[in-house]
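As numbered in the working numbering, residues 73 to 138 make up the sequence shown, in order.
Written out below as structure tokens is the structure these notes cover.
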Amino acid sequence: MAEVVCLCNAVVDEDLRDYLDTHPINSIEELREQASICNKCMQCQELVEGEIYLARVRRQSASGQF
73 MAEVVCLCNA
83 VVDEDLRDYL
93 DTHPINSIEE
103 LREQASICNK
113 CMQCQELVEG
123 EIYLARVRRQ
133 SASGQF
């Protein structure tokens, strides 16, 4: 079952993971610039930064860099 990451924009963790796995986002600032899923409310910053980190690790592992 999906969990809500951001109440302001109704972003769920599964959607965020899918987006991050297909877009090379390396920071929450990049996410704000490239997607309309963050409006700087800062309530979900820790969760989103964690998901960005995990996506970066998944991308590195998939490319054999890790």
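Just so you know, even glycine gets a beta-carbon here, dropped at the ideal spot from N, CA and C.
**OP:** Within its chain, find whatever has a CB closer than 8 Å to the CB of I100; leave out the 5 residues flanking it on each side and keep chain order.
**Re:** Once the five neighbours on either side are set aside, the close Cβ partners of I100 are C110, Q117, V120, E121, I124.
Original post:
Skipping 5 residues on each side, what residues in its chain have a beta carbon closer than 8 Å to that of N98?
Top reply: If we look at N98 and ignore the five residues flanking it on each side, its Cβ neighbours are I124, R128.
**OP:** Would you tell me roughly how many angstroms separate the C-alpha atoms of L103 and Q115, rounded to the nearest one?
**Re:** A straight-line Cα-Cα distance of about 15 Å links L103 and Q115.
Original post:
When the Cα of A134 is compared with those of D93, A82, V83, E75, which residue comes out closest?
Top reply: Per the Cα distances, D93.
Subject >> Spatial neighbours of V76 in its chain, beta-carbon cut-off 6 Å, leaving aside the 5 residues before and after >> reply: Closer than 6 Å at the Cβ level, and outside the excluded window around V76, lie V84.
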